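Respectively, the protein sequence lines represent chains A and B. In this text, residue positions in the first sequence follow the working numbering: the first is 164, and each later residue adds one. In this text, residue positions in the second sequence follow the working numbering: the first is 484, and each later residue adds one. Ideal Cβ positions, reconstructed from N, Cα and C, are used throughout, including at glycine. As the structure is a computational prediction, the values presented were derived from the model and not from experiment. Heads up, the thing below is written out as structure tokens.
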Amino acid sequence: MNVFRNLYNYRELIKTSVKKDIGGKYKHSFLGVLWSFINPLLQIAVYAIIFPLIMKNNIENYTVFMVCGLIPWTYFSTVLNRASFVMIENGNIIKKVYFPREILPLSLVTSETVNFLISSLLILAFVLINGMGISIYALAFPIVLLAQYIMLIGLALIFSSVTVYFRDLQHFIGVVLQLFFYATPIVYSLEVIPEQFRWILLLNPMTYIIDGYRDIFYNKEMPEISMLGIIIAIGIAVTIIGYLLFNKLQKRFAEEL
Amino acid sequence: MQKKTENRIIVEHVYKNFNIYFDKANSIKEKMLFWNRNKKETREVLKDINLTIKNGEAVALIGINGSGKSTLLKLMTKIIYPTKGKITVNGRLTSLLELGAGFHQDFSGRENIYFNASIFGLTKKQIDERLDQIIEFSELQDFIDNPVRTYSSGMFMRLAFAVAINVDADILLVDEILSVGDAHFQEKCINKMKELKEQGTTMVFVTHNLGSAKELCDRAIWLNKGEIQLDGKTDKVIDKYIEETK
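Shown next, in the form of structure tokens:
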């Protein structure tokens with residue numbers, strides 16, 4: 164388990180790059196950390212106004228329902244979008260100093276997780292404003308987050324290393340993510356999808372993760388732990404494959420960048 | 484343990500090829516459309532390099548431009564990997580290939596010390612212990628809390644050098660940076676490196692400054708067209724090198 168020892172030795176680098184990432188983002192902006200709220204709020208406003216207009220639904224408290232899906236989705240898509248740039252962005256350091264390269268995707272996912280935690284306060288705010296209250300099941304939040312975090316680590320390892328060799332994959336990833344947004348029950352519920360197409364959504368791991376968050380905050384019930392267990396297992400498998408691929412590809416990063 | 488750390492760097496039958504693309508297809512689109520465009524030429528930069536650097540040695544790598552010195556140094560730091568062969572490094576290694584790699588312009592000098600030192604693998608506690616020493620060496624006491632984008636290139640260099648030299652590495656690799664800074668700081672750097680050498684730090688320099696090579700190193704390796712031309716006592720190798728390249 165050389166990987167973990169190496170990462171442990173470089174823990175300070177992980178910490179400082181997470182801090183740099185979070186701090187650097189707001190260093191020059193007038194509203195600072197408030198952007199963590201303003202951006203998703205605007206997005207929520209747009210979806211909350213548009214979707215009930217164009218898609219009839221009989222979901223109670225639609226805004227809360229949607230927010231429970233939208234915020235975790237933004238976390239997911241931001242990580243993957245940024246992962247496809249992270250090596251190119253840091254090309255200068257990669258070419259000049261040795262450090263375990265996997266720290267870059269790892270600290271990216273971690274700093275976005277911190278951002279997600281901040282913007283999760285919005286979910287809480289919406290739940291409370293709508294008078295839905297919070298149940299004891301909110302304590303299961305870390306389990307759902309863990310499932311998503313592991314999945315993201317694996318995907319970020321793959322995306323960050325492959326894009327070094329295929330630069331135009333970045334644009335492709337953007338389009339695919341947009342497509343996936345609609346193939347995940349975020350702005351609608353699974354039930355409105357005709358039976359014969361539902362399997363598409365059921366193959367999408369994000370469906371279960373968002374279901375998890377929704378169970379906690381919207382339905383106020385225990386998320387399906389067995390399902391989350393499967394997602395965590397898949398996430399670990401993706402991470403192992405991702406790491407092996409990353410390790411193979413990273414040997415030529417300095418030459419390709 | 485003693486036996487294990489006797490050899491700091493072992494390079495065995497190392498070859499390094501670079502692919503030189505004339506017009507590189509860097510995207511899937513180009514790879515599909517212009518699959519025949521990937522015309523490339525392989526350049527052999529290092530050929531069958533064998534060398535062992537012992538604990539506490541100070542070695543100068545000399546040679547004309549393009550002889551593979553910097554490539555060899557990059558291989559030792561694991562920034563790039565050999566095409567064939569094996570390199571073993573025992574101990575913590577710090578490299579100064581370019582000063583200030585990884586500095587973040589908007590952060591203060593102090594924050595950058597933390598960031599830069601952590602790239603070299605130090606923990607928070609270790610950096611805390613060295614912070615005063617680093618600031619003192621850099622002579623930037625009055626500016627240390629200003630963002631580094633306001634620094635002059637000399638100040639930038641001093642800070643970067645101060646960090647790298649204070650991380651207490653077992654092995655220090657330096658690529659052609661003794662030529663920066665004013666005379667006063669240059670002398671300070673050379674003195675510091677002498678001090679490190681006395682403390683038993685293993686050092687490898689790439690340099691064109693034969694004078695400082697003679698001053699600092701007890702062994703020199705002359706690379707020529709990717710091969711070791713001569714390896715031995717600094718004076719001898721440098722004399723021979725000057726004679727041949729005249």
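- At a cut-off of 8 Å between beta-carbon atoms, His496(B) makes no contact with chain A.
- The distance from the Cβ of Lys523(B) to that of Asn502(B) is about 5 Å, consistent with a contact at the 8 Å cut-off.
- Contact annotation: Leu391(A) and Tyr371(A) have beta-carbon atoms nearer than 8 Å.
- Assignment of Val181(A) by DSSP, reduced to helix, strand and coil, places it in the helix class.
- C-alpha of Ile281(A) to C-alpha of Leu655(B): approximately 42 Å in a straight line.
- Counting only runs of at least 3 residues, the stretch 651-712 of chain B fully encloses the following beta strand (DSSP E) elements, listed from N- to C-terminal order: 654-658, 685-689, 702-707.
- Taking the Cα of Tyr351(A) as reference, the smallest distance to any Cα among Val260(A), Arg174(A), Asp374(A) is reached at Asp374(A).
- Lys557(B) counts as buried, since no fewer than 16 other beta carbons sit within 10 angstroms of its beta carbon.
- Apart from sequence neighbours up to five positions away, the residues of its chain that approach Asn367(A) with a beta-carbon distance below 8 Å are Phe343, Ala346, Thr347, ordered along the chain.
- By the CB criterion at 8 Å, Thr560(B) and Asn490(B) fall outside the cutoff.
- The stretch 253-280 of chain A is shown to contain whole alpha helix (DSSP H) runs of 4 or more residues at 254-259, in chain order.
- Your pair Lys697(B) and Ile725(B) does not check out as a contact, with CB atoms roughly 11 Å apart and the cut at 8 Å.
- Of all residues in the stretch 533-566 of chain B, only Thr560, Lys561, Ile562, Ile563, Tyr564 come within less than 7 Å of chain A when Cβ atoms are compared, listed by chain position.
- Leu579(B) is not a Cβ neighbour of Ala645(B), given a cutoff of 8 Å.
- Taking every protein chain shown into account, the CB of Ser636(B) has fewer than 16 other CB atoms within 10 angstroms, so this residue is exposed.
- Cβ-Cβ distances below 6 Å link Ile394(A) to Ala310, Pro368, Tyr371 in the same chain, with the five nearest sequence neighbours on each side left out; the list follows chain order.
- For Ile212(A), no beta strand (DSSP E) segment is defined; the enclosing uninterrupted segment is the alpha helix (DSSP H) at 198-217.
- His496(B) sits in a strand when the DSSP states are folded into three classes.
- Residues of the stretch 359-389 of chain A with a Cβ closer than 7 Å to any Cβ of chain B: none.
- Bridge pairing for Tyr504(B): Lys523(B) [DSSP].
- CA-to-CA, the gap between Ile321(A) and Asn629(B) works out to about 38 Å.
- Setting aside the 5 residues that flank it on each side, Leu693(B) is surrounded in the same chain by Ile721, each with a C-beta closer than 6 Å to its C-beta; the list follows chain order.
- When C-beta atoms of the stretch 707-716 of chain B are compared with those of the stretch 545-552 of chain B, three or more pairs fall below 8 Å, so the two segments count as touching.
- In this model, Glu681(B) and Lys675(B) are separated by some 10 Å (Cα to Cα).
- For the pair Val277(A) and Pro203(A), the Cα-to-Cα distance works out to about 15 Å.
- Where Ala584(B) is concerned, there is no enclosing alpha helix (DSSP H), because DSSP gives it neither an H nor an E.
- Contact check for Thr226(A) against Phe289(A) passes: the beta carbons are separated by less than 8 Å.
- Spanning the alpha carbons of Asp589(B) and Lys183(A) requires a straight line of approximately 10 Å.
- At least one C-beta of chain A is nearer than 8 Å to the C-beta of Glu581(B).
- Against chain B, the CB of Leu271(A) has no partner CB under 8 Å away; the residue lies outside that interface.
- Straight through space, the alpha carbons of Ile397(A) and Tyr597(B) are spaced by roughly 36 Å.
- Residues of chain A whose Cβ lies closer than 7 Å to the Cβ of Ala584(B) are, in chain order, Asn255, Ile256, Lys259, Val260.
- At a cut-off of 8 Å between beta carbons, Lys607(B) contacts chain A.
- Residue environment: Ile602(B) is assigned as buried (16 or more neighbouring CB atoms within 10 Å of its CB, all protein chains considered).
- At a C-beta separation below 9 Å, Phe668(B) has no neighbours in chain A, since its nearest C-beta there lies roughly 21 Å away.
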